[in-house]
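Worksheet for the structure shown next.
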Amino acid sequence: MNERVVRIGGASGSWGDSPMAIPQLLTAEVDYLIADYLAEITMSLLARAKLKDPEGGYPPDFIRDLGNNLDEIAARGIKFVTNAGAVNPQGCAEALAKVAADKGHALNIAVVEGDDMLAHAELLRPEGGGTLPKLLTANAYLGALPIRAALAAGADIVITGRAADSALALGILMHEFGWTEDQYDLLAAGSLVGHVLECGPQATGGIHTDWQDVPGWENIGYPIAECATDGSFVLTKPPATGGLINRGVVSEQILYEVGDPAAYILPDVVADFTNVSVEELGNNRVRVAGARGGAPTPDYKVSATWLDGHRAVATFSIVGPDAALKADRTAEALIARGEALFAKNGFAGFSSTHAEALGAEAAYPPAQQRRGTREVVLRLVVAHPDRRALELWSKEIGSVGISFAPGTTGIMGGRPRPTPVIRLLTCYVAKASLPAPRLILDGGDPIEVPVPAGEALQTATREPIAGADFPKGERISVPLGRIAYARSGDKGNSSNIALIARRAEYLPVIRREVTPQRMLDHFEGLVEGPVERFDAPGLLAVNFLLRNALGGGGIASPRIDPQGKAFGQMSLEMMVEVPRVLLGREEKA
82 MNERVVRIGG ASGSWGDSPM AIPQLLTAEV DYLIADYLAE ITMSLLARAK
132 LKDPEGGYPP DFIRDLGNNL DEIAARGIKF VTNAGAVNPQ GCAEALAKVA
182 ADKGHALNIA VVEGDDMLAH AELLRPEGGG TLPKLLTANA YLGALPIRAA
232 LAAGADIVIT GRAADSALAL GILMHEFGWT EDQYDLLAAG SLVGHVLECG
282 PQATGGIHTD WQDVPGWENI GYPIAECATD GSFVLTKPPA TGGLINRGVV
332 SEQILYEVGD PAAYILPDVV ADFTNVSVEE LGNNRVRVAG ARGGAPTPDY
382 KVSATWLDGH RAVATFSIVG PDAALKADRT AEALIARGEA LFAKNGFAGF
432 SSTHAEALGA EAAYPPAQQR RGTREVVLRL VVAHPDRRAL ELWSKEIGSV
482 GISFAPGTTG IMGGRPRPTP VIRLLTCYVA KASLPAPRLI LDGGDPIEVP
532 VPAGEALQTA TREPIAGADF PKGERISVPL GRIAYARSGD KGNSSNIALI
582 ARRAEYLPVI RREVTPQRML DHFEGLVEGP VERFDAPGLL AVNFLLRNAL
632 GGGGIASPRI DPQGKAFGQM SLEMMVEVPR VLLGREEKA
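With the first letter of the sequence shown counted as 1, position 549 gets the number 630 in the numbering used here; the numbers rise by one all the way through.
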């Protein structure tokens, strides 16, 4: 008798993901669909939307996309779990219920509440200490137990507010397979399912290191996890879709933004992905197994946002000889003109300024190599506590094409409009100090869902990695990308870079050549450090955490790459010494 399999499709990686996702996944056999809509900045944007409209506060895309496919979903009995509730889960559920009723469907819709921490701000402990600013939003990352309870109560659709992305899949698997909250290895395995699915087609070849080998970008397949009771799963995608699923692609996604892969802290479990294996089965199918877990910590992680003044971003196209130098001079003049204008009108000076000549390797300080380019885009970012000051400056910069650098062809996008600067703050709050999360099924009375109090984080036992005997003979210098895949992303003001060896023989070379100091030196001018390195031998990988790397913290950074998305590609330019005999073999896994 065949082992039971639960098939989960990942239908959204963020607010604004493609409306093609759900209908594409419905061409395959799926039991559940999950959809992640919430980045940290999304919560603050939707909180502002709710202030303008009390019935808003959730992504309208969810209602549209699910509504357009509701007939087939209902007919096939497919269940849907999502965090699209954002800052108004009940309002989201009511809007969906109206769409369902209009289509003649009587669906059981469950709402999970309890993530909003603004009412408990006095309990929050900012990471690194300090006092709390006036917060716009503060939301705890809830876990899988309320989702499991909702499905057990008969919910067809589960809508949460802020929940850990991975919890969407874990709640399903706990319900389907009867996993308990103390089966930590299984909880880690189920969390890995959600972690791989949470970014949609990034798990099926989107932004893969070997992008040129990925076919069919225009119809890239969304991921499907075929999950077994032992926690292993096979990742695949709908038939007749583009994309690529192989060891490199999936390993990149497994290590995406996890920090220490031996201690990935989630609400329900502390997951250990260091010995996870990825086995290619052919035909765009890989089997993933080997996650381990330990008891969850006593705290919820809380992502908070606060308003730190306003920002304006002006962009100008400049063409001709010395374009980068002209951009520098233009930026200096516009900043000086603004300061003089503010002084005349009773405003303080800019709180910060940042200029980049895009096209002249602005992302590579101080190792820029193309300052002689003949066309650049000047990107000038200025900040001020008072929106009115930036509005005054924005009206003034129209003079650039008349009195500043020759070859300035225009202001791209017109004069900039000041926008709020939203900064992130990571906090923690003891689970035991809060009311339990609440489950509301079809508008009924709230039902509390108790969660374990958790345990103090145990330091992971790390087996020492033995040194390798390298083949004798000549070594040659090659770009790191010749022997490794890479994937990067942000964790607050830190960047996470995963390096995955293309072959097992290359892993010792990567460990020897790419030290934390070498990584810090490679990103001189961008990363302040320190840099930590973690091993993930099961994945033939090392994971780097580069602290103080993003110019102040993710979404609030003025840089063109505020989340370190390009850091992985930039790291692959590093030159490393490799025994020539190893390079005589096939290099791609």
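Ideal placement from N, C-alpha and C gives every residue a C-beta, glycine not left out.
N- and C-terminal bounds of the alpha helix (DSSP H) containing residue i
{"i": "Y265", "result": "Y265 to L278"}
{"i": "P170", "result": "P170 to D183"}
{"i": "K133", "result": "E121 to K133"}
{"i": "R469", "result": "R468 to E477"}
{"i": "M255", "result": "A248 to F258"}
{"i": "R328", "result": "R328 to I335"}
{"i": "E153", "result": "L151 to R157"}
{"i": "V77", "result": "Not covered by the structure: residue 77. The range shown for the chain is 82 to 670."}
Range of the contiguous beta strand (DSSP E) that encloses residue i
{"i": "L580", "result": "S575 to A582"}
{"i": "E116", "result": "Looking at the sequence shown, residue 116 is not Glu but Ala. Run containing A116: Y113 to A116, per the beta strand (DSSP E) assignment."}
{"i": "L506", "result": "T500 to A511"}
{"i": "G91", "result": "V86 to G91"}
{"i": "H465", "result": "E456 to H465"}
{"i": "R229", "result": "Where R229 is concerned, there is no enclosing beta strand (DSSP E), although the alpha helix (DSSP H) it sits in stretches over L226 to A233."}
Residue nearest to residue i in terms of C-alpha spacing, selected from the options
{"i": "A647", "options": "I578, T310 and G633", "result": "I578"}
{"i": "P141", "options": "D98, K160 and A182", "result": "D98"}
{"i": "E136", "options": "A156, A109 and A167", "result": "A167"}
{"i": "F550", "options": "I326, G430, G211 and V659", "result": "This sequence places Asp at residue 550; Phe is not what is there. Minimum Cα distance to D550 is reached at V659."}
{"i": "S652", "options": "I416, V623, V662 and P282", "result": "V623"}
{"i": "A513", "options": "L114, S576, L362 and D380", "result": "D380"}
{"i": "G138", "options": "G158, A155 and C173", "result": "C173"}
{"i": "P516", "options": "G252, A176 and P527", "result": "P527"}
{"i": "H603", "options": "L561, P487 and A617", "result": "L561"}
{"i": "T108", "options": "E555, R157, T123 and P597", "result": "R157"}
{"i": "P466", "options": "Y265, D389 and K215", "result": "D389"}
{"i": "R206", "options": "A408, G419, S384 and E413", "result": "S384"}
{"i": "G235", "options": "N300, D183, A486 and I159", "result": "I159"}
{"i": "I305", "options": "Q650, G275 and I288", "result": "G275"}
{"i": "A191", "options": "P170, L204, L199 and E208", "result": "P170"}
{"i": "L607", "options": "A630, R368, Y303 and A352", "result": "A630"}
{"i": "G632", "options": "K572, N364, D263 and G619", "result": "K572"}
{"i": "E121", "options": "Q644, E654, V662 and Q650", "result": "Q644"}
{"i": "D196", "options": "G224, I346 and S398", "result": "G224"}
{"i": "L177", "options": "I240, A221, L226 and A128", "result": "I240"}
{"i": "G259", "options": "A245, E299 and A233", "result": "A233"}
{"i": "G453", "options": "N364, A441 and P447", "result": "A441"}
{"i": "E208", "options": "P618, I591 and N574", "result": "N574"}
Proximity below 9 Å, CB of residue i to CB of residue j
{"i": "R628", "j": "E605", "result": "no"}
{"i": "T322", "j": "E307", "result": "no"}
{"i": "V458", "j": "A436", "result": "no"}
{"i": "R519", "j": "V530", "result": "yes"}
{"i": "A248", "j": "F314", "result": "no"}
{"i": "W96", "j": "Y113", "result": "no"}
{"i": "F143", "j": "A102", "result": "no"}
{"i": "G210", "j": "A231", "result": "no"}
{"i": "L267", "j": "G312", "result": "yes"}
{"i": "V26", "j": "L664", "result": "Missing from the structure shown is residue 26; the chain here goes from 82 to 670 and no further."}
{"i": "A395", "j": "S475", "result": "yes"}
{"i": "G80", "j": "V111", "result": "Only positions 82 to 670 of the chain appear in the structure, and residue 80 is not among them; the question remains open."}
{"i": "A438", "j": "R460", "result": "yes"}
{"i": "D152", "j": "H186", "result": "yes"}
{"i": "S125", "j": "T218", "result": "yes"}
{"i": "S433", "j": "P597", "result": "no"}
{"i": "K407", "j": "T490", "result": "no"}
{"i": "P282", "j": "I301", "result": "yes"}
{"i": "F354", "j": "L620", "result": "yes"}
{"i": "V662", "j": "I564", "result": "no"}
{"i": "R583", "j": "G375", "result": "no"}
Beta-carbon separation (whole angstroms), residue i vs residue j, contact threshold 8 Å
{"i": "A470", "j": "F428", "result": "4 Å"}
{"i": "F615", "j": "D341", "result": "5 Å"}
{"i": "G242", "j": "V193", "result": "7 Å"}
{"i": "P501", "j": "E472", "result": "In fact, because the Cβ distance is near 13 Å, the residues do not count as touching under 8 Å."}
{"i": "Y587", "j": "E333", "result": "Not quite, the Cβ-Cβ distance comes to about 15 Å (not below 8 Å), so this is no contact."}
{"i": "T290", "j": "L325", "result": "With 8 Å as the limit, T290 and L325 do not qualify as a contact, their Cβ atoms being about 11 Å apart."}
{"i": "I636", "j": "L538", "result": "Actually they are not in contact, since the Cβ atoms of I636 and L538 sit about 27 Å apart, beyond 8 Å."}
{"i": "N164", "j": "D237", "result": "Not quite, the Cβ-Cβ distance comes to about 17 Å (not below 8 Å), so this is no contact."}
{"i": "A372", "j": "V357", "result": "5 Å"}
{"i": "D349", "j": "E477", "result": "No, D349 and E477 are not in contact; Cβ-Cβ is about 54 Å, not under 8 Å."}
{"i": "G90", "j": "Y337", "result": "Not confirmed; about 19 Å, so no contact."}
{"i": "V359", "j": "V367", "result": "5 Å"}
Distance cut-off 8 Å: residue i Cβ against heavy atoms of the ligand SAM
{"i": "M124", "result": "The ligand SAM is absent from the structure shown, which contains no ligand whatsoever."}
Exercise. Going along the chain, which unbroken runs of the beta strand (DSSP E) with 3 or more residues stay wholly within the region 341-406?
Worked result: 351-353, 358-361, 367-370, 373-375 and 380-400
For this session: Scan the region 590-646 and note each continuous alpha helix (DSSP H) run of 4 residues or more that stays entirely inside, going in chain order.
Result: 597-603
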